[in-house]
Amino acid sequence: MKPAVLTGEHFITGDVACAEGALAAGCRFFAGYPITPATEVAEHMAVRLPDVGGTYIQMEDEIASMGAVLGASCAGAKSMTATSGPGFSLMMENIGLAICTETPCVVVNVQRAGPSTGLPTLAAQGDMMQARWGSHGHYEIITLAPSSPQEMFYLTITAFDLSETYRTPVLIMSDEVIGHLSERVIIPEANAIKPRSRPKPKGRKDRFKPFQPGPNGVAPMAIAGEGYGIHVTGLTHDEKGYPVMTAEAQEAMLAQLTGKIHRNLEDIIRTEAYRLEDADLVIVSYGVSARSSLAAVDEARQLGIKAGLLKLVTVWPFPEERVRALAERVKGLVTVEINLGQIHLEVQRCAAGRAPAMLVGHAGGAVIPPERIIETLRNFS
Amino acid sequence: MKAKSAPEKIGHFRREVLITGFGGQGIVLAGNILGRAASLGDHRESTLTQSYGPEARGGACSAQVIISDATIHYPYVRNPDIVVCMSQGGFDKFAPLLRQGGTLIIDQDLVQPGKIGSDQVFSVPATRFAEEMGRKMMANIVMLGFLTAVTESVTVQAALRTVEASVPKGTEQMNIKAFNKGYDFGLATLKGRRKKAAGVKGVK
Numbered sequence: 004m005k006p007a008v009l010t011g012e013h014f015i016t017g018d019v020a021c022a023e024g025a026l027a028a029g030c031r032f033f034a035g036y037p038i039t040p041a042t043e044v045a046e047h048m049a050v051r052l053p054d055v056g057g058t059y060i061q062m063e064d065e066i067a068s069m070g071a072v073l074g075a076s077c078a079g080a081k082s083m084t085a086t087s088g089p090g091f092s093l094m095m096e097n098i099g100l101a102i103c104t105e106t107p108c109v110v111v112n113v114q115r116a117g118p119s120t121g122l123p124t125l126a127a128q129g130d131m132m133q134a135r136w137g138s139h140g141h142y143e144i145i146t147l148a149p150s151s152p153q154e155m156f157y158l159t160i161t162a163f164d165l166s167e168t169y170r171t172p173v174l175i176m177s178d179e180v181i182g183h184l185s186e187r188v189i190i191p192e193a194n195a196i197k198p199r200s201r202p203k204p205k206g207r208k209d210r211f212k213p214f215q216p217g218p219n220g221v222a223p224m225a226i227a228g229e230g231y232g233i234h235v236t237g238l239t240h241d242e243k244g245y246p247v248m249t250a251e252a253q254e255a256m257l258a259q260l261t262g263k264i265h266r267n268l269e270d271i272i273r274t275e276a277y278r279l280e281d282a283d284l285v286i287v288s289y290g291v292s293a294r295s296s297l298a299a300v301d302e303a304r305q306l307g308i309k310a311g312l313l314k315l316v317t318v319w320p321f322p323e324e325r326v327r328a329l330a331e332r333v334k335g336l337v338t339v340e341i342n343l344g345q346i347h348l349e350v351q352r353c354a355a356g357r358a359p360a361m362l363v364g365h366a367g368g369a370v371i372p373p374e375r376i377i378e379t380l381r382n383f384s
Numbered sequence: 137m138k139a140k141s142a143p144e145k146i147g148h149f150r151r152e153v154l155i156t157g158f159g160g161q162g163i164v165l166a167g168n169i170l171g172r173a174a175s176l177g178d179h180r181e182s183t184l185t186q187s188y189g190p191e192a193r194g195g196a197c198s199a200q201v202i203i204s205d206a207t208i209h210y211p212y213v214r215n216p217d218i219v220v221c222m223s224q225g226g227f228d229k230f231a232p233l234l235r236q237g238g239t240l241i242i243d244q245d246l247v248q249p250g251k252i253g254s255d256q257v258f259s260v261p262a263t264r265f266a267e268e269m270g271r272k273m274m275a276n277i278v279m280l281g282f283l284t285a286v287t288e289s290v291t292v293q294a295a296l297r298t299v300e301a302s303v304p305k306g307t308e309q310m311n312i313k314a315f316n317k318g319y320d321f322g323l324a325t326l327k328g329r330r331k332k333a334a335g336v337k338g339v340k
């Protein structure tokens, strides 16, 4: 039997690396329904989870998968599912339930082109706004975007860390190319990985209030069956978890759900800078498109264009301050993504006219080649 | 956990390899072995992408491998140094992409190369060799041995170790034999060309 952390050098796909990252983070429950191009995550979890005493369930659909993931999380397991566009749509309702009930879990979306069944086997980044606002009501959500199999490994660990710390679903928005790309993945020693866990309750079990925030703004989470009195509902609730049908209770609950994210942006937001120091044209990109953008930056520099890249590792909450600060000092911002303008809208909003914002987009089904980005940079400079 | 992107090193070594054929020939496995050998055996950067779709056995299939000393950003072949064709369809579609001065490798019983200059073309009866060794499905491994000999994309040690680790248990020896068959044929082909080149010089 193989250990949970497969220390060593591997040549594996992003989907497999994601599953290995989950196991290294301590994930011991996976419920899902196979869908191209995310199936290999489930497939690998099905093989590996029994090795480490975990549970894999193939459910009847994605609605049930998400329900099972939340149930397992309430019972104390670090839980995850993986899907693509059509399945992501079906998961939206229960993702909202996870947000409202502050239930940690990780949802991986290996994006393909939509809408609807679209292009099942070809890459896109068209679900980025769905990741932000796909479930009903107002909320905050944490979303990460990996650009390589190595990042699929590490960011899956990060996703569990953030999910546990803030008691919220964390979305990993990958894409078909990164999911199926094979590359070297280095998995560190098990003791070098220090996964975070959800805050635990202390004190009298009969006085426990399951939604009373602790010092960092997040309520300790009791596991069902530990003896703490808990009540969990998707209705607007108070600190005891009981439904309260008033505008005041709604206001207090939303302040709690959004506040725990807003107060911890420094821990949550990760970006990477590439040749930004002296750049006057800045590409903003994420996922596979960030790889095309890196190539474009190097090639543009050879042509004398001072290009740089701001790579969004965390896409939601959006790194507003970072983009605003760049907009103050650069000649232009170019968003590169495989959709017809989603994160571009955020960049435009944050630039607020201080620098022009342009889009290099694509309807989906192909990766944007560096040449197209360079062409836009040329016209800009 | 915050990884930093290192500035791209000046790459002294870079090979873009396109392997084409039809589904069932082990095209993707050949690409996987090549990429894995380069990455884990030779400690270079490498990426593998593959044609991915609702294709069935017998349909067109391709694998793209990039091997480099520098970080590989864009993972698709743009200017292939090496194109391997194990089907006529693959040749017709992908051979024209070969960069000027690149190396074209064909399974000589499956591909008619037409008018392409002979300096660039390396031919090997990979499928026939595999059939003679009792397993037609090892044609991809024969081809990999040949490619290793004539292109030096990966070291022979790394390639052999990776073949051994990548094929089904119990077939290792057979596959190593297939690899060596292609490798030896490649070395012999190179030797023949050197002799011919020396001979031509002698006449002058």
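Listed in order, the protein sequences are those of chains A and B.
Sequential numbering of the first sequence, starting at 4, is according to our numbering.
Sequential numbering of the second sequence, starting at 137, is according to our numbering.
Cβ atoms here follow ideal geometry from the backbone N, Cα and C, with glycine treated the same way.
Separation of A7(A) from P53(A), as counted between CA atoms: As a first step, residue 53(A) must be located in the first sequence, where it is residue number 50. As a first step, residue 7(A) must be located in the first sequence, where it is residue number 4. For P53(A) and A7(A), the distance between alpha carbons rounds to 10 Å.
Among A173(B), I277(B), G226(B), the one whose alpha carbon lies nearest that of I15(A): By one-based count along the first sequence, residue 15(A) stands at place 12. Comparing Cα-Cα distances from I15(A) to each of A173(B), I277(B), G226(B), the minimum goes to A173(B).
Contact with chain A by T185(B), beta-carbon distance below 7 Å: Position 49 of the second sequence holds residue 185(B). Yes, T185(B) lies at the interface with chain A (some Cβ there is under 7 Å from its Cβ).
Which of helix, strand or coil DSSP assigns to M248(A): Here residue 248(A) is taken as the residue at index 245 of the first sequence, counted from 1. Three-state DSSP puts M248(A) in coil, outside helix and strand.
C-alpha distance - G160(B) paired with T298(B), whole-angstrom precision: Sequence index remark: in the second sequence, residue 160(B) carries index 24 (1-based). Sequence index remark: in the second sequence, residue 298(B) carries index 162 (1-based). For G160(B) and T298(B), the distance between alpha carbons rounds to 20 Å.
Inter-stretch contact (C-beta, 8 Å, three-pair minimum) for the segment 264-284 of chain A and the segment 320-330 of chain A: yes
Best match in G11(A), I102(A), A75(A) for proximity to A258(A) [C-alpha to C-alpha]: Here residue 258(A) is taken as the residue at index 255 of the first sequence, counted from 1. Taking only the C-alpha atoms, the option nearest A258(A) is I102(A).
Close-in-space but distant-in-sequence residues of the same chain around R357(A) (CB under 7 Å, 5 per side omitted): In the first sequence, counting from the first residue as 1, residue 357(A) sits at position 354. Only A330, E331 meet the Cβ criterion.
Among S76(A), Q153(A), N194(A), nearest to R408(A) - alpha-carbon criterion: Outside the modelled stretch of chain A, which goes from 4 to 384, sits residue 408(A), for which no answer is possible.
Cutoff 7 Å: P107(A) Cβ touching any chain B Cβ: Walking along the first sequence from the start, residue 107(A) turns up at place 104. P107(A) does not count as touching chain B.
Residue burial classification, H139(A) (beta-carbon count within 10 angstroms, cutoff 16): For the purposes of this step, residue 139(A) is identified with residue 136 of the first sequence, where counting begins at 1. H139(A) is exposed by the Cβ-count criterion.
Candidates H347(A), E65(A), T58(A), E302(A), of which the one nearest R381(A) by Cα: The count along the first sequence starts at 1 and reaches residue 381(A) at position 378. The shortest C-alpha separation from R381(A) is found at E302(A).
Test: T124(A) CB closer than 7 Å to a CB of chain B: Against the first sequence, residue 124(A) aligns to sequence position 121. So yes, T124(A) belongs to the interface.
P373(A) to S295(A) span [Cα, whole Å]: In the first sequence, residue 373(A) corresponds to position 370, counting from 1. In the first sequence, residue 295(A) corresponds to position 292, counting from 1. Distance between the alpha carbons of P373(A) and S295(A) is about 5 Å.
Beta-carbon contacts of M48(A) that lie in its chain and below 6 Å, excluding the five residues immediately before and after: Numbered from 1 along the first sequence, position 45 holds the residue referred to as residue 48(A). Hits under 6 Å: A22, F33, Y59.
Boundaries of the beta strand (DSSP E) in which S288(A) is found, first to last residue: For the purposes of this step, residue 288(A) is taken as the residue at position 285 of the first sequence. Residues 284-288.
Test: A298(A) CB closer than 7 Å to a CB of chain B: Along the first sequence, one-based indexing puts residue 298(A) at 295. A298(A) counts as touching chain B.
Buried versus exposed, by CB contacts within 10 Å (16 or more), T84(A): Residue numbering aside, residue 84(A) sits at position 81 when the first sequence is read from its first letter. Counting Cβ neighbours within 10 Å, T84(A) comes out buried, since at least 16 surround it.
Near-chain B residues of the segment 368-382 of chain A (beta-carbon distance less than 8 Å), N- to C-terminal order: V370, P372, P373
Residue from H183(A), T159(A), G99(A), E179(A) whose Cα sits closest to the Cα of T183(B): Numbered from 1 along the second sequence, position 47 holds the residue referred to as residue 183(B). Nearest of H183(A), T159(A), G99(A), E179(A) to T183(B), Cα basis: H183(A).
Classification of W319(A) by the beta-carbon crowding that lies within 10 angstroms, buried from 16 upward: What you label residue 319(A) is simply residue 316 of the first sequence in a count that begins at 1. Buried, since its Cβ has 16 or more Cβ neighbours within 10 Å.
Where S119(A) falls, given that 16 or more other Cβ within 10 Å makes a residue buried: Reading the first sequence from its first residue, position 116 is the one you call residue 119(A). S119(A) is exposed by the Cβ-count criterion.
Distance CB(A295(B))-CB(G322(B)) smaller than 7 Å: As a working mapping, residue 295(B) is identified with position 159 in the second sequence. As a working mapping, residue 322(B) is identified with position 186 in the second sequence. No; because the gap between Cβ atoms is not below 7 Å, this pair is not in contact.
Alpha-carbon to alpha-carbon, G177(B) and T307(B): As a first step, residue 307(B) must be located in the second sequence, where it is residue number 171. As a first step, residue 177(B) must be located in the second sequence, where it is residue number 41. Their Cα atoms are separated by approximately 21 Å.
Cutoff 7 Å: L147(A) Cβ touching any chain B Cβ: By one-based count along the first sequence, residue 147(A) stands at place 144. Not one chain B Cβ lies under 7 Å of L147(A).
Per DSSP, the bridge partner or partners of A28(A): Within the first sequence, the letter at position 25 stands for residue 28(A). Answer by DSSP bridge pairing: none, since A28(A) is not bridged.
H13(A), DSSP secondary structure in three states: As a working mapping, residue 13(A) is identified with position 10 in the first sequence. Looking at H13(A) - three-state DSSP - the assignment turns out to be strand.
Where the beta strand (DSSP E) through D178(A) begins and ends: As a working note, residue 178(A) is residue 175 in the first sequence. Start and end: 172-178.
C353(A) to I264(A) span [Cα, whole Å]: As a first step, residue 353(A) is located in the first sequence; it is residue number 350 there, counting from the start. As a first step, residue 264(A) is located in the first sequence; it is residue number 261 there, counting from the start. One C-alpha to the other measures close to 19 Å.
For I98(A) and I203(B), the rounded distance between their alpha carbons: Numbered from its first residue, the second sequence carries residue 203(B) at position 67. Numbered from its first residue, the first sequence carries residue 98(A) at position 95. One C-alpha to the other measures close to 41 Å.
Chain-order list of residues whose beta-carbon lies under 7 Å from that of V300(A) (same chain, five-residue window excluded): Position 297 of the first sequence, counting from 1, holds the residue named residue 300(A). These residues qualify, in order along the chain: Y277, R278, I286, A310, G311, L312.
Option nearest E300(B) by Cα separation, candidates G225(B), I155(B), N168(B), S198(B): In the second sequence, the residue the question calls residue 300(B) occupies position 164. Of G225(B), I155(B), N168(B), S198(B), the residue nearest in Cα terms is N168(B).
Outcome for N215(B) when other beta-carbon atoms lying within 10 angstroms are tallied against a minimum of 16: Residue numbering aside, residue 215(B) sits at position 79 when the second sequence is read from its first letter. By the 10 Å Cβ count, N215(B) comes out exposed.
One or two residues paired with W319(A) in a DSSP bridge: If you number the first sequence from 1, residue 319(A) lands on position 316. T146(A).
Residues of the segment 173-199 of chain A with Cβ closer than 8 Å to any Cβ of chain B, in chain order: E179, V180, H183, L184, S185, E186, R187
Within 7 Å, strictly: CB atoms of V164(B) and Q186(B): Here residue 164(B) refers to the residue found at position 28 of the second sequence. Here residue 186(B) refers to the residue found at position 50 of the second sequence. Cβ distance < 7 Å, so V164(B) and Q186(B) count as in contact.
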